[in-house]
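*Asks:* If you scroll down you'll find the structure; I have some questions about it.
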Amino acid sequence: MGLKTPLYASHVDQGAKIVDFGGWDMPLHYGSQIDEHHAVRREAGMFDVSHMAVVDLTGGRSREYLRLLLANDVARLNEPGKALYTCMLNPDGGVIDDLIVYFVSDTWFRLVVNAGTRDKDLAWIRTHAAPFDVDVLERTDLCVIAVQGPEARVKAAGLLAPTQQPAALEIKPFHAAPFGSWFVARTGYTGEDGFEMMIPACDAVDAWHRLDESGVKPAGLGARDTLRLEAGMNLYGNDMDERHHPLESGLAWTVALEPSDRDFIGRDALLAARRDGCDRLVGLLLEERGVLRSHQRVVSPGNADGMVTSGTFSPTLNRSIGLARVPQATGASVQVEIRGKLHAARVVKTPFVRHGKAMIEI
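So the sequence shown is residues 859 to 1220, counted in my numbering.
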């Protein structure tokens, strides 16, 4: 038996297929993964992401500490509630985890890290926080419900008091705001608008069922994966890990090498990789029948082989899509080995889908 979120019984009551995910018993789907995917693209769906770790950092040197810990620069965070996506690297530049950091105040930052890496993340964060006298608190008292889709924000705001709802609807993208003990962030992992709501665990079941009654469809890990891949978003352990750095994982935009005098963990390794060159992460659209899956070989004439890091069948595009790590010189056409046979694929720019609309030519 794995760890369970406070919403576990609700998932079981709603007929969810439960699977192990990073040591947690989580819903894969509630009957139809495809229906859940389309609900998020067309209306609104909700995900229990309480297995992810919410970590509060407090102390007068919190910002100084995070400028060392993270590849992106929290000096950019000056507006309360502003969020920043970043990677936490080891000295070799490998990705320990990708995460979101929220600026709450000059002495309080909030991190949200992945479930499967939470133990190593917390150990790393605490080790490096000690010299800065920064307190690290894992918020096990909170649940996280992600409500995503075109109708998501309006329906999720309905959980708040009427006087709070206008302010919630005014939260800007990649910002968050507190509403009493609730922390509402306009972030997500689907390529749709919506909220990720960090709320007291004691409020979670009621919030989940009220959303369900308002027409927000419960969605599981299966739909979350197809949605994030359509949106061109990386999955830790597939598209980046401790053996691969951000520059070869499509995440160069999350690295702030300027100002040049900011010394962050992994900086020297990234400078060397930029100087020497490295592979790149690209989007793939399969031109033939079949389904792209991780670890499939990518063949490009005149280049070393690449590898599919994530792949799936896209319900929105009705085609197979994927992400692949390939040599820099890889051209616009490649072949992918599927069950011993080579299939034609096209290299495309991600995202594949944004706000429910195709961003690539089919």
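No residue lacks a Cβ here, since even glycine has one placed at the ideal position from N, Cα and C.
Any contact between the stretch 1152-1163 and the stretch 1190-1201? By contact I mean 3 or more CB pairs, one from each, below 8 Å.
*Replies:* yes
*Asks:* If you run the structure through DSSP and keep just helix, strand and coil, what is residue 1136?
*Replies:* coil
*Asks:* For the pair the stretch 1131-1148 and the stretch 862-871, tell me if three or more CB-CB distances fall below 8 Å.
*Replies:* no
*Asks:* On the CB-based measure, 16 or more other CB atoms within 10 Å of its CB, does residue 1186 come out buried or exposed?
*Replies:* exposed
*Asks:* In terms of residues, what are the limits of the alpha helix (DSSP H) holding residue 866?
*Replies:* 866-871
*Asks:* Residue 978 by DSSP, collapsed to three states: which one?
*Replies:* Of the three classes helix, strand and coil, the one that applies to residue 978 here is helix, per DSSP.
*Asks:* Given this structure, state the Cα-to-Cα distance separating residue 927 from residue 934, to the nearest angstrom.
*Replies:* 15 Å
*Asks:* Where does residue 997 sit, in a helix, a strand or coil, going by DSSP?
*Replies:* coil
*Asks:* What residue does the beta strand (DSSP E) around residue 1193 start on, and which one ends it?
*Replies:* DSSP places residue 1193 in the uninterrupted beta strand (DSSP E) bounded by 1191-1196.
*Asks:* To the nearest whole angstrom, what separates the beta carbons of residue 941 and residue 960, a pair I think is in contact under 8 Å?
*Replies:* 5 Å
*Asks:* Which word fits residue 1104, buried or exposed, when buried means at least 16 other C-beta atoms lie within 10 angstroms of its C-beta?
*Replies:* buried
*Asks:* For residue 1153, which of helix, strand or coil comes out of DSSP?
*Replies:* In the structure shown, residue 1153 sits in coil (DSSP, three-state: anything other than H, G, I, E or B).
*Asks:* CA-CA distance, residue 938 and residue 1029?
*Replies:* 11 Å
*Asks:* Extract the residue ranges of the beta strand (DSSP E) inside the stretch 1052-1132, only unbroken runs of 3 or more that lie entirely within it.
*Replies:* 1052-1058
*Asks:* When you compare only the Cα positions, how much space is there between residue 1213 and residue 1174?
*Replies:* Going by C-alpha positions, residue 1213 is about 11 Å away from residue 1174.
*Asks:* Rounded to whole angstroms, what's the CA-CA distance from residue 988 to residue 997? Just pull it up for me.
*Replies:* 19 Å
*Asks:* Just the C-alpha distance for residue 1084 and residue 1210, rounded to the nearest angstrom, thanks.
*Replies:* So the alpha carbons of these two residues sit roughly 11 Å apart.
*Asks:* Beta carbon of residue 1106, beta carbon of residue 1086: below 8 Å?
*Replies:* no
*Asks:* What does a CB cutoff of less than 7 Å around residue 962 pick up in its chain, not counting 5 residues either side in sequence?
*Replies:* 938, 968
*Asks:* Can you tell me which of 947, 894, 906 puts its alpha carbon nearest to the alpha carbon of residue 1094?
*Replies:* 947
*Asks:* Are the beta-carbon atoms belonging to residue 1150 and residue 1108 less than 8 Å from one another?
*Replies:* no
*Asks:* How about the stretch 1118-1127 and the stretch 1165-1173: do they share at least three Cβ pairs that are nearer than 8 Å?
*Replies:* With a cut-off of 8 Å on Cβ pairs, the stretch 1118-1127 is not in contact with the stretch 1165-1173, counting fewer than three such pairs.
*Asks:* Which one or two residues does DSSP pair with residue 1170 in a beta bridge?
*Replies:* The bridge partners DSSP lists for residue 1170 are 1179.
*Asks:* So what does residue 1003 bridge to, in DSSP terms?
*Replies:* 906, 1055
*Asks:* Beta strand (DSSP E) containing residue 892: first to last residue?
*Replies:* Counting along the chain, residue 892 falls outside any beta strand (DSSP E), though it belongs to the alpha helix (DSSP H) covering 891-900.
*Asks:* Between the C-alpha atoms of residue 936 and residue 918, what's the straight-line distance to the nearest angstrom?
*Replies:* 15 Å
*Asks:* Residues in the same chain with beta-carbon distance under 7 Å from residue 984, minus the five sequence neighbours each way, listed in chain order, please.
*Replies:* 994
*Asks:* Under a Cβ-count criterion, where at least 16 other Cβ atoms within 10 Å of its own Cβ denotes burial, should residue 882 be classed as buried or exposed?
*Replies:* Around the beta carbon of residue 882, a 10 Å sphere encloses 16 or more other beta carbons of the protein chains shown; the residue is thus reported as buried.
*Asks:* Which word fits residue 890, buried or exposed, when buried means at least 16 other C-beta atoms lie within 10 angstroms of its C-beta?
*Replies:* exposed
*Asks:* Less than 8 Å separating the beta-carbons of residue 992 and residue 1112?
*Replies:* no
*Asks:* Who are the near neighbours of residue 1011 in its chain, counting only those whose CB is closer than 7 Å to its CB and skipping five residues on each side?
*Replies:* 1027, 1051, 1052, 1053
*Asks:* Between the Cα of residue 943 and the Cα atoms of 866, 964, 1043, which residue gives the shortest distance?
*Replies:* Among 866, 964, 1043, the Cα nearest to that of residue 943 is on 1043.
*Asks:* Leaving out five residues on either side along the sequence, give the residues of the same chain with a beta carbon under 7 Å from the beta carbon of residue 895.
*Replies:* 1081, 1084, 1085, 1173
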